[in-house]
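Reminder that position 59 of the sequence shown reads as 387 in this note's numbering, one-by-one numbering, no gaps. Shown next, in structure tokens, is the structure this report addresses.
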Amino acid sequence: MTHEIDLLLKGAFVVDPVNRINGIRDIAIAAGKIADVSRDISPALARQVKYLSGTTAIPGIIDSHVHASPLIGGFSAHKMLARAGVTTAFEVAGPVEGVWKMMAENGAGLNLLCIHAVAPGLTIEGNNPSRTALKKLLHNAVSKGAIGIKVLGGHLPLTPDATRRCIELARQEEKYCAFHAGTTRSGSNFDGFLEALDLAEGNRLHLAHINSYCRGQIKSSLSEASEAISALETHPHIFSESYLSPLNGTSGRMIDGQPFSKATPNSLKRFGYSPDFQGMKQAITDGVVSIMVEEGDETVLQTGSPAVRKWEAADTNLNVSFDINPADSRFLLATARNRDGRFTVDAIATDGGGIPRNVIVENGLALVDFKALTMADFVLKTSANPAAMLGLTQKGSLSVGADADITVLDLEKNRACMSLVGGRIVMVAGHVCGSGGTALVLPEGEKHARKLGLGVDTIDPDHLFQRLDPHGQIAAVNR
Ligand SMILES: [Zn+2]
329 MTHEIDLLLK GAFVVDPVNR INGIRDIAIA AGKIADVSRD ISPALARQVK YLSGTTAIPG
389 IIDSHVHASP LIGGFSAHKM LARAGVTTAF EVAGPVEGVW KMMAENGAGL NLLCIHAVAP
449 GLTIEGNNPS RTALKKLLHN AVSKGAIGIK VLGGHLPLTP DATRRCIELA RQEEKYCAFH
509 AGTTRSGSNF DGFLEALDLA EGNRLHLAHI NSYCRGQIKS SLSEASEAIS ALETHPHIFS
569 ESYLSPLNGT SGRMIDGQPF SKATPNSLKR FGYSPDFQGM KQAITDGVVS IMVEEGDETV
629 LQTGSPAVRK WEAADTNLNV SFDINPADSR FLLATARNRD GRFTVDAIAT DGGGIPRNVI
689 VENGLALVDF KALTMADFVL KTSANPAAML GLTQKGSLSV GADADITVLD LEKNRACMSL
749 VGGRIVMVAG HVCGSGGTAL VLPEGEKHAR KLGLGVDTID PDHLFQRLDP HGQIAAVNR
């Protein structure tokens, strides 16, 4: 007999808010797409069957803020994301060439989009680049497969004017723009957040990791989070995510005894250390800062004297992590909704990847256990909403014809136990079986991405920055 179905997932509890599914279903997959989701599909129709009773299947998790590049994240990122149940990730630093090379060599079969940083001293000259220089950078990045640009303000600030130019340019060119708040005028804190809202001037913008501006540096973390929520409500052209880990990630690199990243001194001072080489050394020794080192295909955190030796041996050029994100602002930003019931912060992301804090499932499901989110809310914030924001019209739901990207969850352990990308299993029980990956690019980047031998899927620029209503239907397109 002919098998119409390549793979049949039988008996999982399926949660898909876009299609209002919340119950036990079978999921049929054919040619990498969802062929059917219904109550009882005959195994005889399928070439392969997986019995998933007791698990929960959701549209594949889309992490809208990760690091998987040579600059930050490193080669473990893809495997770590796959083990965390992520099926699509958005790399938000670049450089774009390094991102694709890393995926080709160390991929886990995931989908990846990326943007290219406007980083003074690294990708562009000076902190006040002209519109012409920015346009050249943007076009070059997009032709290599980036969907737009990222202003790394908090770490490597531009002037406020140059930051405004980046946001406006990306909008005019119909490309993506993300911003880690902070300029030569404001830091990566609540003032920087407010400045970012002004600099956007009504242009659409992805404002990264809102919780990181609500760490209580200026007011209390609770006041900062509440005010951020109100401000986001009056700036609907701002799209955002927040993450759920207490850990941050920044550069431990020192140049002439001073931190290379503008975000690092804040963290050191916050814990009472001098913002310089000696302060960092002491903080690592005391266990207040952890260095990130690769072990096998995992990035791990280390502290104490052995960590100091590794940091010095690496010429201080290692990334580091402080336990600095207060629980109250993380909780509030992950769960806040407006009067219509729409989530104020569009997505739960991780700022993880190669930084060990891929806790969408672990901590996101803790919010479900706490009854702060329903399972449908969890899916909206980790799949449907980020899909809309990133223009991924074939993802974020299990609609017939959608990409068969699926995350299977074990709600007893609050862990992902299986994930599929385009109908192919890439992770089972923590074992990563996927390799390489699919680059999600704008039409201009297709040719280049194909040359690299990657899987390629195209994003229609008209679909960037969409937003769903509380029921998962397209509410608004921000142009
Ligand atoms: Zn980041």
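Don't be surprised by glycine CBs; every beta carbon is placed ideally from N, CA and C. Keep in mind that this is a model prediction, so the values were computed, not measured.
| Item | Value |
| --- | --- |
| For D364, the first and last residue of its enclosing beta strand (DSSP E) | K361 to S366 |
| Residue nearest to A675 in terms of C-alpha spacing, selected from A356, V346, A536 and L336 | A536 |
| Y601, buried or exposed, once every other Cβ within 10 Å from all chains shown has been counted against 16 | buried |
| DSSP state of T735 mapped onto helix, strand, coil | strand |
| Any non-hydrogen atom of ligand 1 closer than 8 Å to G388 Cβ | no |
| Spatially closest choice to M408 from P798, S763 and Q801, by CA coordinates | S763 |
| Whole-angstrom distance between A372 and P684, CA atom to CA atom | 42 Å |
| Through-space distance from V784 to L768, alpha-carbon basis | 6 Å |
| Host beta strand (DSSP E) of L335 (start-end) | I333 to D344 |
| CB contact flag (L575, S618, <9 Å) | yes |
| Limits of the unbroken alpha helix (DSSP H) element including C494 | P488 to Q500 |
| Cβ neighbour criterion (16 or more within 10 Å) applied to P714 | buried |
| Simplified DSSP assignment, three categories, for A417 | strand |
| Sequence ranges, alpha helix (DSSP H) only - wholly within the stretch 589-649, length at least 4 | 592-598, 605-613 and 632-641 |
| Identity of the residue in A498, G454 and E496 nearest L486 by Cα | G454 |
| A536 Cβ short of 8 Å to ligand 1 heavy atom set | yes |
| Whole alpha helix (DSSP H) elements within the stretch 505-584, 4-residue minimum | 518-528 and 549-561 |
| Within 9 Å, strictly: CB atoms of D790 and G719 | yes |
| Cβ shell of I802 (< 8 Å), same chain only, five flanking positions each side left out | A716, Q794, R795 and L796 |
| First and last residue of the uninterrupted alpha helix (DSSP H) at D697 | I688 to D697 |
| Buried or exposed by the 16-neighbour rule on C-beta atoms within 10 Å, applied to E626 | exposed |
| Three-pair Cβ contact test at 8 Å for the stretch 487-498 versus the stretch 453-473 | yes |
| Rounded Cβ spacing between L661 and I583 (contact assumed at less than 8 Å) | Actually they are not in contact, since the Cβ atoms of L661 and I583 sit about 33 Å apart, beyond 8 Å. |
| Where F659 sits in the DSSP three-state scheme | helix |
| Close Cβ partners of A490 (< 7 Å) along its chain, the five nearest in sequence each way excluded | N455, N456 and P457 |
| Validate contact between the stretch 691-705 and the stretch 402-421 using beta carbons, cut 8 Å, 3 pairs | no |
| Inter-stretch contact (C-beta, 8 Å, three-pair minimum) for the stretch 556-566 and the stretch 522-535 | yes |
| Cβ shell of V687 (< 6 Å), same chain only, five flanking positions each side left out | L572 and S573 |
| Contact test: G773 Cβ vs ligand 1 heavy atom, cutoff 8 Å | no |
| Which of helix, strand or coil DSSP assigns to N713 | helix |
| Reduced DSSP secondary structure (H/G/I, E/B, other) of K741 | coil |
| Limits of the alpha helix (DSSP H) - the one that N456 falls within | Neither: N456 is in no alpha helix (DSSP H) and is coded neither H nor E. |
| beta-carbon D679 near ligand 1 non-hydrogen atom, thresh 8 Å | yes |
| Rounded separation between I400 and P593 - CA only | 18 Å |
| Residue range of the unbroken beta strand (DSSP E) whose run includes D651 | No beta strand (DSSP E) contains D651, which DSSP labels as neither H nor E. |
| Close beta carbons around T766, own chain, < 6 Å, minus the five adjacent residues each side | N439, G783 and D785 |
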